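Just so you know, numbering that gives the first Met the number 0 puts 354 at position 355 of the sequence shown, and the rest follows in order with no gaps.
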Amino acid sequence: MFGPARVEILNKLGLFTLNDIINYFPREHEDRGRYKNIYELQDGETAAIRVVIASNVSETRVRRNMAIYKVIAKDETGNIILTWFNQPYIKKQLRVGGEYSFYGKVKNTLGRIEMQSPVFDAGDKSKNTGKIIPIYPLTAGITQNVFRGIVETAVKSVQGNLIDSLPEWIRVQYKLDDIEKAIHNIHFPENLDEFEKARYRLAFEELLIMQLGLLRFKEKGQEDRKGISFNKDENMDELLATLPYTLTAAQQRVWKEIDKDMKSEKSMNRLVQGDVGSGKTIIATMSMFKAVRNGYQAVLMAPTAILARQHYEGIQRMVERFGIKVELLTGDITKKNKERILEELKSGEIDMIVGTHALIEENVTFKNVGIVITDEQHRFGVRQRGILSGKGEKVDTLVMTATPIPRTLAIILYGDLDISIIDELPPGRQKIDTFAVRRNMEERVNNFIKKELTSGRQAYIVCPLVEESEVMDGVKSVVEQLDYYKEVLKDFRVEMLHGKMRPKEKDEIMAKFKAKEIDVLISTTVIEVGVDVPNATIMIIENAERFGLAQLHQLRGRVGRGKFKSYCILKFDSKSDVVKQRMEIMQKSNDGFVISEKDLELRGPGDFFGTKQHGIPEFKVANLFVDIPIMKVAQGVANTIFEDDPSLNLPENTLLLKKIEKLFEEKISL
Numbered sequence: 000m001f002g003p004a005r006v007e008i009l010n011k012l013g014l015f016t017l018n019d020i021i022n023y024f025p026r027e028h029e030d031r032g033r034y035k036n037i038y039e040l041q042d043g044e045t046a047a048i049r050v051v052i053a054s055n056v057s058e059t060r061v062r063r064n065m066a067i068y069k070v071i072a073k074d075e076t077g078n079i080i081l082t083w084f085n086q087p088y089i090k091k092q093l094r095v096g097g098e099y100s101f102y103g104k105v106k107n108t109l110g111r112i113e114m115q116s117p118v119f120d121a122g123d124k125s126k127n128t129g130k131i132i133p134i135y136p137l138t139a140g141i142t143q144n145v146f147r148g149i150v151e152t153a154v155k156s157v158q159g160n161l162i163d164s165l166p167e168w169i170r171v172q173y174k175l176d177d178i179e180k181a182i183h184n185i186h187f188p189e190n191l192d193e194f195e196k197a198r199y200r201l202a203f204e205e206l207l208i209m210q211l212g213l214l215r216f217k218e219k220g221q222e223d224r225k226g227i228s229f230n231k232d233e234n235m236d237e238l239l240a241t242l243p244y245t246l247t248a249a250q251q252r253v254w255k256e257i258d259k260d261m262k263s264e265k266s267m268n269r270l271v272q273g274d275v276g277s278g279k280t281i282i283a284t285m286s287m288f289k290a291v292r293n294g295y296q297a298v299l300m301a302p303t304a305i306l307a308r309q310h311y312e313g314i315q316r317m318v319e320r321f322g323i324k325v326e327l328l329t330g331d332i333t334k335k336n337k338e339r340i341l342e343e344l345k346s347g348e349i350d351m352i353v354g355t356h357a358l359i360e361e362n363v364t365f366k367n368v369g370i371v372i373t374d375e376q377h378r379f380g381v382r383q384r385g386i387l388s389g390k391g392e393k394v395d396t397l398v399m400t401a402t403p404i405p406r407t408l409a410i411i412l413y414g415d416l417d418i419s420i421i422d423e424l425p426p427g428r429q430k431i432d433t434f435a436v437r438r439n440m441e442e443r444v445n446n447f448i449k450k451e452l453t454s455g456r457q458a459y460i461v462c463p464l465v466e467e468s469e470v471m472d473g474v475k476s477v478v479e480q481l482d483y484y485k486e487v488l489k490d491f492r493v494e495m496l497h498g499k500m501r502p503k504e505k506d507e508i509m510a511k512f513k514a515k516e517i518d519v520l521i522s523t524t525v526i527e528v529g530v531d532v533p534n535a536t537i538m539i540i541e542n543a544e545r546f547g548l549a550q551l552h553q554l555r556g557r558v559g560r561g562k563f564k565s566y567c568i569l570k571f572d573s574k575s576d577v578v579k580q581r582m583e584i585m586q587k588s589n590d591g592f593v594i595s596e597k598d599l600e601l602r603g604p605g606d607f608f609g610t611k612q613h614g615i616p617e618f619k620v621a622n623l624f625v626d627i628p629i630m631k632v633a634q635g636v637a638n639t640i641f642e643d644d645p646s647l648n649l650p651e652n653t654l655l656l657k658k659i660e661k662l663f664e665e666k667i668s669l
């Protein structure tokens, strides 16, 4: 159907089959069928007009490689100048007295109305105007027009061959489009009503499949929820006496919920949410301590080796006086050490183990694990959590996240878990002053960094990109920023850190930063979940408009972890109102839950977690903030299906089952 060059471009977009193409949905639609009179046009708006050409096309050579083509057009209400750059074919396509439809951006300067580089159709044609046009997220080398043609061909070629995964009774009862109609109208609707119906149908299907998937995971976890009852008195006061502080009321409340779960005869399955620095690690340690005091082993899995080591060191400090043996298992330990740890885990000599994905490898076996804990849950998949839990018999499961997730979203994403929230920071935790600044403040910001560094403090500088090849207009990479800051801060030690480095290299850089051997660390978001560096007091975020609020909040939480006053400076370029709103929210609020609600509202869930997060299925159509009413209907339908057919073995449900399996088919990154 397509030549090799075109196939290569489509592959870059992740499109390999006809099915991929028809399910590559527009990012927006432009309604080019609502024509305006010239006198109604507003400066800055994008609009459609029907006009008559009133002059010949003029050509002006500005310089060697730049020619401007202009023509005057009119309707009953006024005149408009239409302008194109370096498009000589315009002279042949527009004739005086001919009627045309144009669509483009309007510029109104003191009553002189102009439309720059508009698309157009002659007479009654409607290729580029006169209808609702889909706009797709594309890559270099392919235009919207060409891609629309590809999608149109693909949609026509599958007509009569698409099988609907939604059972007929659901489509009839809820008045949903069939799949062919929905696919056609999500791309090429005749009107906005058709588009909304198609969107509702596809969003409903996505949410239904997710709900059914979560119900299946919950059901599997509860098939025999009879678990371990940790009833022996573990004397938690002894452990808490080792702390230099008392638990907050929120920590105490969450511990009571966990303690009750652990004493119960049912297996615990609980999510603990807490803002950056809210004290989740102590809750995890208490849970592990309780399990060990009841004669069981305990496991904690973290997403990075550096975070695992931090947990390991903190837990070991707290429990070593009780004769509890704690070990660390990551992918970079020596073969000899790993063999010893595996042997001691199997024999039960090790009481607590902290590690990375290395813990879910097949050769890791336990004598009698009683509780498994995963930290930063959104970086692991549901299956990965399941593999870890499967290392024991009817174990208690605790998952933790420092990404504050709005409760409505948490219930959807973690529908198979009970939810606890630590919504209070420990006393003495520093409030971080946040400032959003534009590029013209660069010198002042640099002077401020120098002042803090001269006082003996350290700074993080975060960039969205690793190297120049990852092109984003106006965005500097870590590599470029390293050169810049080594020059600006030449009296200080500046190093870089990014995800493309080897794990050992990353750990070494971070260890040096923690040991104050590096003054400034230029990094990607790899430090979002990382080591505590109490001496770091400045977080500079370059191109802050490129990050979600939840992610900015996570990054900000890397500072303010010691006794020194800390600052977060958000550098941004965009003039968009939404970006300004987001920067204002960051300056006004330090509450992760308030920020996450706003983030979801302003950006939608697709960007909420940043890119390529593990464990959270991506929606192509549904928006969890906007579509909560659809989600509630889908939840009701999912419950009905599940009551009648929990295994989804009935013929009418087999296609739903296939989609569920595909949705939750997560790759495990080792």
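Using N, Cα and C, we set each Cβ at its ideal position, and we do this for glycine too.
Values in this document were obtained by computation on a predicted structure and should not be read as measured data.
Output needed for residue i: all residues of its chain with C-beta closer than 7 Å, excluding positions within five of it in sequence on either side, in chain order.
i	result
residue 40	46, 105, 107, 112
residue 86	68
residue 503	331
residue 649	none
residue 285	235, 238, 254
residue 633	203, 206, 207, 210
residue 676	Because the chain is modelled from 0 through 669, residue 676 falls outside the range shown and cannot be assessed.
Just confirm the distance between the C-beta atoms of residue i and residue j, as a whole number of angstroms; I'd bet it's less than 8 Å.
i	j	result
residue 431	residue 566	7 Å
residue 539	residue 458	7 Å
residue 349	residue 296	7 Å
residue 491	residue 518	4 Å
residue 299	residue 372	4 Å
residue 421	residue 278	6 Å
residue 573	residue 544	4 Å
residue 129	residue 100	6 Å
residue 203	residue 629	5 Å
residue 368	residue 394	6 Å
Across which residues does DSSP place residue i in a beta bridge pair?
i	result
residue 567	433, 538
residue 47	34, 102
residue 691	This structure leaves residue 691 out entirely; the chain is present only between 0 and 669.
residue 119	101
residue 29	132
residue 395	370
residue 417	269
residue 522	461, 496
residue 325	351
residue 78	73
Applying the criterion that 16 or more other CB atoms from any shown protein chain within 10 Å of the CB defines a buried residue, is residue i buried or exposed?
i	result
residue 155	exposed
residue 83	buried
residue 643	exposed
residue 103	buried
residue 245	exposed
residue 667	With a pLDDT of 29 at residue 667, under the threshold of 50, the modelled position of this residue cannot be trusted, and the question is left open.
residue 627	exposed
residue 162	exposed
residue 582	buried
residue 489	exposed
residue 631	exposed
Looking only at its chain, what residues have a beta carbon closer than 6 Å to the beta carbon of residue i, apart from the 5 residues adjacent to it on each side?
i	result
residue 19	none
residue 273	279, 421
residue 353	299, 307, 310, 311, 327
residue 658	164, 208
residue 388	371, 394, 396
Got a sec: is the Cβ-Cβ distance from residue i to anything in chain C below 8 Å?
i	result
residue 302	The chain inventory of the structure shown lacks chain C, comprising one protein chain alone.
Quick one: what's got a C-beta closer than 8 Å to residue i's C-beta in the same chain, skipping five residues either side?
i	result
residue 78	37, 53, 71, 72, 112
residue 536	451, 456, 457, 458, 558, 559, 561, 563, 564, 565, 566
residue 355	300, 301, 302, 303, 304, 307, 328, 329, 330
residue 120	99, 100, 126, 127, 128, 129
residue 467	Reliability of the predicted coordinates at residue 467 is poor, the pLDDT of 45 falling under 50, and the value obtained from them is presented with this limitation in mind. Cβ neighbours of residue 467 beyond the five flanking positions: 476, 478, 479.
residue 662	208, 209, 212, 616
residue 575	544
- In chain order, which continuous runs of the beta strand (DSSP E) of length 3 or greater are located wholly inside the region 185-239? none
- Task: Can you check the region 138-186 for any alpha helix (DSSP H) of at least 4 residues that lies completely inside it and give the ranges in chain order?
- Result: 143-157, 167-172, 178-186
- Pick out the complete beta strand (DSSP E) segments inside the region 265-310, 3 residues or longer, and give them in chain order. Contiguous beta strand (DSSP E) elements confined to the region 265-310 occur at 268-273, 296-300, taking only those with 3 or more residues.
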